[in-house]
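Heads up: the sequence shown begins at 0 in numbering that gives the first Met the number 0, then just goes up one per residue.
C-beta atoms are modelled at their ideal positions from N, C-alpha and C, and glycine is treated no differently.
Report on the structure given below.
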Amino acid sequence: MKKFRFAIRALMALTVAVGLAACSDDDPKPTPDPEKPEQPAPDTPDDPEEPTPEVKPDYHFDLWVALDRHGGMGRDVQTLVRSLESLDADQPEITFQGEGTEVNSILSLETILKGAYYYQVPVSGDRFSKYIIQDNKVTPVAERVFKTNTYATRKYTHAWTDDNTLVIMASGNGGENVVWTKLNSDDMSIISEGTLDIPLVEGAEIFTTSGILTYRASDNKLFYFYYQKTGGSRGKRVTPMMTAVINPETMAVESNNACFLDCEMVGTAYGELLQTITFIDGNNNLYLACVTDEEDGEHSHLLKIPANSTEFDADYDGYTAGGKLISVLYMGGDEAIAYVRNDELGTGIDDFSHYYITINVADRTYAPVKFDGKNLAYSSGRFSSRMAFVDGKAYIGVDAENANPVIYIYDSETATTTKGAEMAPGYYFEQIRVVKNLE
């Protein structure tokens, strides 16, 4: 029996040895069949390249227009708004028939925009309101009836001290003082309100309608630009432009100084609800457009309050060329774009006397905005925010004589201008607004 088991184990060992020998690398390879040539191994296909998803901007444009003539300055005109994803040229002629919404029965053209929402004292003139324009419809989001201080539609100034705190300011009590209200923009609740501690000087009877309010975060200060004048609708200015520097937490006036120039701010009545006249550059210098009365007419100036200072630099004027600054808009670096009026061609709202320039605030030079080697045509329309800036590009509206309204796009990085969308005839540019999309 033992011999039998030994024989079986020997046979199994031999079988394993033969199998290992058959797998040796030294064995000759099989001869390929000449009638069946060896086929190359198929290539392993690379993973198909995934298409890059289109990244759409998180904003759109609200285009505000008027019918029959330009609005602003309390003109009774029909105002329409239409939301557009793009203002580029690759789209049909823009029309508002069946596409836009009429807003002048609810909203004033003079309005505040932050993010996705509009804020204003609406045409009812008795409350603060927050709106959204979505699907070309105006929808109230939050409202707050006036408490103690009251404000007139269109005639106030404002500043944001953070993402949720909105300060409204205007002359009150018939112009005898300056009132302010601090609002929570989420629900438009009134945080606090009061009267600014700045007295009327001898010879002055009222404050200018609204003045200009702006906030500089770098030193946490509110700057209120104003002047005082005699009473009546044609009251004369009796002080130069004044700068009240305010603590945003307490609203206490820390200083109140006269400008070295006998000037007044551009847009004295409507704050910056229609056009922008202040900006803060990347170095925290604060700029303001103002105007002086000279023997040969009005002269514009672009003044600067340097960073960490509360008074204007008497050695600086960023704009001494001809033409009245109507609106200025910061584009980053040392560059701003401005809407200017040539008074020799007319001073009326509807006169074709307005044009666009860029201003370098560092070297104090300016240049007209050109397209195809030519200056953009003179435009009509004065009280407007027809300039908008986003993603390095300025969108500017031109209402040229005997031509359809056109939006031009100025690239601040390359200093080049392209032609954008065109509107159908019969509409008048009022505002181009960049509005954040709702999430």
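Under the DSSP assignment, Gln90 falls outside any beta strand (DSSP E); it carries neither an H nor an E label. With distances taken between CA atoms, Leu165 lies nearest to Ser188 out of Ser188, Arg381, Tyr150, Asp61.
Your pair Asp280 and Tyr318 does not check out as a contact, with CB atoms roughly 14 Å apart and the cut at 8 Å. Here Asp57 is near Asn436, since their CB atoms are less than 7 Å apart. Burial is judged here by how many other beta carbons sit within 10 angstroms of a residue's own beta carbon; Thr51 has fewer than 16 and is exposed.
DSSP places Glu343 in the helix class (H, G or I) of the three-state scheme. With 16 or more other CB atoms across the displayed protein chains lying within 10 angstroms of its CB, Ile245 is buried. Pairing Ile131 with Asn172, the inter-Cα distance amounts to about 31 Å. Burial is judged here by how many other beta carbons sit within 10 angstroms of a residue's own beta carbon; Leu112 has at least 16 and is buried. In this structure, Leu285 places its C-beta atom within 7 Å of the C-beta atom of Arg215. Restricting attention to Ser411, Arg381, Asp134, Thr413, the CA atom closest to the CA of Asp398 is found in Arg381. Assigned with DSSP and collapsed to three states, Asn374 falls in strand. Burial of Val177 is indicated by the presence of at least 16 other C-beta atoms within 10 angstroms of its C-beta.
Asn403 carries a coil assignment under DSSP once its states are collapsed to helix, strand and coil.
Between Asp196 and Glu175, the alpha-carbon positions lie close to 12 Å from each other. Each of Gly124, Ala366, Leu212 was checked against the Cα of Val265, and the nearest Cα belongs to Leu212. Annotated three-state conformation of Gly380 is coil, per DSSP. When the alpha-carbon of Asn135 is set against those of Thr100, Tyr355, Lys55, the nearest one is in Thr100. For Tyr214, the enclosing beta strand (DSSP E) begins and ends at 211-215. Taking Ile395 as the centre and dropping the five residues before and after it, the same chain places the C-beta of Tyr355, Met386, Tyr407 closer than 6 Å to its C-beta, in chain order. Per DSSP, His300 is one residue of the beta strand (DSSP E) stretching across 296-304. Contact between the stretch 342-354 and the stretch 372-380 is present, with at least three C-beta pairs closer than 8 Å. The C-beta distance from Ala257 to Met241 rounds to 6 Å, short enough to fall under 8 Å. Setting aside the 5 residues that flank it on each side, Ala320 is surrounded in the same chain by Tyr365, each with a C-beta closer than 7 Å to its C-beta; the list follows chain order. A straight line joining the alpha-carbon of Leu273 with that of Thr309 spans about 26 Å.
Counted as a single uninterrupted DSSP element, the beta strand (DSSP E) harbouring Asn256 occupies residues 252-257.
Under the DSSP definition of a beta bridge, Tyr116 partners with Lys113. DSSP places Gly193 within a strand segment (E or B) once states are collapsed to three.
According to DSSP, residue pairing for His59 in a beta bridge involves Val434. Under the three-state reduction of DSSP, Gly173 is assigned to helix. Judged by DSSP in its simplified three-state form, Lys146 adopts coil rather than helix or strand. In this structure, Val433 and Phe145 do not form a Cβ contact; the two beta carbons are roughly 30 Å apart against a cut-off of 8 Å. For Ser107, the three-state secondary structure derived from DSSP is coil. In the displayed model, Phe278 falls within a strand according to three-state DSSP. Of all alpha-carbon atoms in Ile325, Glu142, Thr138, Ser128, the one lying nearest the alpha-carbon of Tyr269 is that of Ile325. Contact check for Thr229 against Glu204 passes: the beta carbons are separated by less than 7 Å.
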